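2 protein chains.
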Amino acid sequence: MMIEIDFNSDEALYMQLRNQIILGIATSQFHEGDVLPSVRALAETVGINMHTVNKAYTVLRQDGFVKVDRRKGAVIAVDMDRAREEDRIEKELRVILASALCRGLSRSDLHRMIDRICDAYDKEEA
Amino acid sequence: MMIEIDFNSDEALYMQLRNQIILGIATSQFHEGDVLPSVRALAETVGINMHTVNKAYTVLRQDGFVKVDRRKGAVIAVDMDRAREEDRIEKELRVILASALCRGLSRSDLHRMIDRICDAYDKEEA
DNA sequence: CCCGCTGTTATAGACTTTGTATAACAGAGG
DNA sequence: CCTCTGTTATACAAAGTCTATAACAGCGGG
Chain A
1 MMIEIDFNSD EALYMQLRNQ IILGIATSQF HEGDVLPSVR ALAETVGINM
51 HTVNKAYTVL RQDGFVKVDR RKGAVIAVDM DRAREEDRIE KELRVILASA
101 LCRGLSRSDL HRMIDRICDA YDKEEA
Chain B
1 MMIEIDFNSD EALYMQLRNQ IILGIATSQF HEGDVLPSVR ALAETVGINM
51 HTVNKAYTVL RQDGFVKVDR RKGAVIAVDM DRAREEDRIE KELRVILASA
101 LCRGLSRSDL HRMIDRICDA YDKEEA
C-alpha cells in the first residue's frame, strides 16, 4: 500500500501515518496478520525520521489496530472492542455532525454521505 | 448556555470552547444574532485566560460561525456555504468511519448512530 | 558465532503550539 | 468621562512535534 505524507498539512506527521494505515485496514489493503514496514524502512521511503514512524506505530498499538512483535515488527491485529469503540466514535461524531447541521446539511444528507464513503471503501476493497 | 472546560482533556482549551459553541448552535441554544459573552467575561466565568477565549472566537469566525463586532462582541452568524462544508465534513468522516468499520461496526450501525445523535439534538432543541 | 534485522530507549536540540500574564489601544455608548 | 467591546504587542513557561545520533536486547540466517 502506498503511504504518502503531506508536509504542508497542519496534521501531525505521525497522525497522518496512523490515519492512512487505519484507512488501509478499512479498505482491506491491510489484512489481519499483515506485517507493516519496519520503522526504519518506512521512515526511509516516506522521507521522515524513524521516531516519527515509531510514534505512529505506538499510537496504533494503543488504539488497538496493531500488535508489535519485537522480532517481526508491527503486525495488523484489530482489537474488536465494540462497546468502547461505539462510545468513542459517537463522541467524535457529535461535533462534526453539529457543524454539518449548522451549515444546513440535513439528516438525509448525512446518511447519503455515510453511504457514499462506505461504498467507496467497499469498492476499493473489491 | 452552560459552557464547561475539562482541564484534564487532551483537547486544547480553545477547541473545547469552539466545539461547545458549535454544539450550542446545532441544538438551538444559540440562535442567529445572539451575542456571545465578551472574551473577558467568559474567561472569568470559565476560569481561563482572555486570550484563550479570544482564540476560540477567532477560530469560530474563520470557520464561519460568528461575526465579530468590535463594539457588541461575537455574534452568532452561520455562514451557509454548503458545498465547501460538505467536502470538509466528508474528509473528516473518512478516518473516523474507517476506524468504526475496522471495529466491526456495520453501515447500519453508523446510520443508527447518526439518527441517535440527530434525535438528541432535535430533542434538546425542543 | 557473527552479522543484520527487528523494536526500544535515551539524550539532545530546534521549532511550534498552547496557555498565561500585563499592558495598552481605538471605537462605541451611556 | 468612564466603561465596555475586540484587538494588538510583548513576554514567558510548558507541552508537543520532529529530527538526529547512539546504543541496547532479541532473534534468525549464513
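As you go down the protein sequences, you meet chains A and B in turn. Residues 1 to 126, numbered by my numbering, are exactly what the first sequence covers, in order. Residues 1 to 126, numbered by my numbering, are exactly what the second sequence covers, in order. Just so you know, even glycine gets a beta-carbon here, dropped at the ideal spot from N, CA and C. Here the structure is a predicted model, which is why all the values come from computation and not from measurement.
Residue closest to residue i, alpha-carbon to alpha-carbon, out of the options
i: R40 (chain B); options: B:K55, B:F30, B:A100 and B:T27; result: B:K55
i: D69 (chain B); options: B:D34, B:N19, B:H51 and B:G24; result: B:D34
i: D119 (chain B); options: A:R103, A:A120, A:A98 and A:I117; result: A:A98
i: N19 (chain A); options: A:L105, A:R61 and A:K72; result: A:R61
i: E86 (chain B); options: A:F30, A:S108, A:F7 and A:G24; result: A:S108
i: V59 (chain A); options: A:K72, A:M15, A:L42 and A:M80; result: A:M15
Three-state secondary structure (DSSP) of residue i
i: D81 (chain A); result: coil
i: A43 (chain A); result: helix
i: A12 (chain B); result: coil
i: G24 (chain A); result: helix
i: I48 (chain B); result: coil
i: D115 (chain B); result: helix
i: K67 (chain A); result: strand
i: I5 (chain B); result: coil
Residue-chain proximity (residue i, chain A), Cβ-Cβ < 8 Å
i: A98 (chain B); result: yes
i: R112 (chain B); result: no
i: V95 (chain B); result: yes
i: N19 (chain B); result: yes
i: F7 (chain B); result: no
i: A26 (chain B); result: yes
i: G104 (chain B); result: yes
Cβ neighbours of residue i in the same chain (closer than 8 Å, five flanking residues each side left out)
i: V46 (chain A); result: I3, E4, I5, L17 and V53
i: Y57 (chain B); result: L36, V39, V66, V68 and A74
i: D81 (chain A); result: G64
i: A100 (chain B); result: D109 and L110
Cβ of residue i within 8 Å of any chain B Cβ
i: A43 (chain A); result: no
i: A77 (chain A); result: no
i: I117 (chain A); result: yes
i: I22 (chain A); result: yes
i: M2 (chain A); result: no
Cβ-Cβ separation, residue j to residue i (assumed contact under 8 Å), whole Å
i: H111 (chain B); j: I114 (chain A); result: 6 Å
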